Amino acid sequence: AQDTAAALNQGASTIAQTRNTITDNIGAVSSNIGAVAGGVSAITSAITTGKAQAAGAVADAKQASATNYGAELNRTEIIQATDIYGGLAVPELDFNGMIPTDFLNPNIANTATEEQLTLGLENYAGATRAQKLYQAGFNYISEVGKTKQAMHKAQASVIKGATEAIKVQQEIVRFDRQNIELESDIVKREQSAEKFNQESIKLTGMQKETSQITRKIEVMELKRDAEIEAVEVQTQMIIQKYLEETMS
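Structure follows, in structure tokens:
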């Protein structure tokens with residue numbers, strides 16, 4: 060019975076020590092939650108400051124663009140980043156202070172009450188919900204950007220379609236012009252053919268006239284030859300008659 064009582068007392072002591080250790084750990088977690096909450100506040104402040112700086116940079120860029128600042132092309136100044144956290148303040152914790160050197164008699168500075176734990180968890184839950192809203196908002200803006208890209212692509216496609224339609228109309232006009240020029244060439248060809256026929260008729264008439272003149276000349280030459288022959292015959296007859304009369 061004494062051994063059993065001693066064992067029970069030892070178990071109760073161990074349970075009490077474990078409860079104290081758990082309480083101390085809860086206090087350390089609450090302290091860490093407070094530190095992280097401070098880090099979140101710093102991050103929120105950094106985001107707000109970054110937004111303000113970005114808005115100021117946009118305003119400066121608009122002003123420079125509107126006034127043609129420096130009469131040079133507007134170029135974004137590239138600044139080499141040296142902050143590995145990108146401007147966010149990430150809190151650092153002293154983990155050595157969270158580990159007790161004496162497990163039986165822990166001495167941890169960062170502790171939190173039940174009320175602090177409840178309020179901290181509520182704040183984290185609200186902040187988490189806010190982050191989800193931020194993410195949903197940025198995702199929505201991303202979808203708006205995709206929709207805008209799709210709209211511009213559709214506009215570009217429609218413009219290309221309209222441009223191709225104009226090109227088709229231009230080709231139709233060129234086709235009609237070629238047909239008109241072809242008809243004009245056909246008319247010119249017919250005119251040339253008529254002129255050729257007219258010249259051919261003139262040539263035929265001239266050839267006939269030449270033939271008639273030739274025949275007329277030939278007839279005149281034959282007539283003249285006949286007259287000459289008749290004169291020669293008469294001359295011979297006169298001479299013959301004269302000789303006969305002379306001899307008789």
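What the sequence shown shows, in our numbering, is residues 60 to 307, in sequence order.
Cβ atoms here follow ideal geometry from the backbone N, Cα and C, with glycine treated the same way.
These numbers were taken from a predicted model, which means no experiment stands behind them.
| query | result |
| --- | --- |
| Unbroken alpha helix (DSSP H) run spanning residue 151, endpoints | Neither: residue 151 is in no alpha helix (DSSP H) and is coded neither H nor E. |
| Exposure label - residue 171; buried when at least 16 CB within 10 Å | buried |
| Three-pair Cβ contact test at 8 Å for the stretch 165-181 versus the stretch 138-157 | yes |
| Length-filtered (3 minimum) beta strand (DSSP E) runs lying within the stretch 258-289 | none |
| C-alpha gap between residue 208 and residue 240, whole angstroms | 47 Å |
| Assigned exposure category for residue 179 - 16 Cβ within 10 Å defines buried | buried |
| Sequence ranges, beta strand (DSSP E) only - wholly within the stretch 178-229, length at least 3 | none |
| Distance between residue 253 and residue 260 (C-alpha atoms, nearest Å) | 10 Å |
| As assigned by DSSP and simplified to three states, the class of residue 136 | coil |
| Separation of residue 218 from residue 211, as counted between CA atoms | 10 Å |
| Residue 202 versus residue 163: straight-line alpha-carbon distance, rounded | 57 Å |
| Separation of residue 214 from residue 206, as counted between CA atoms | 12 Å |
| Cα-Cα separation between residue 257 and residue 244, rounded to whole angstroms | 20 Å |
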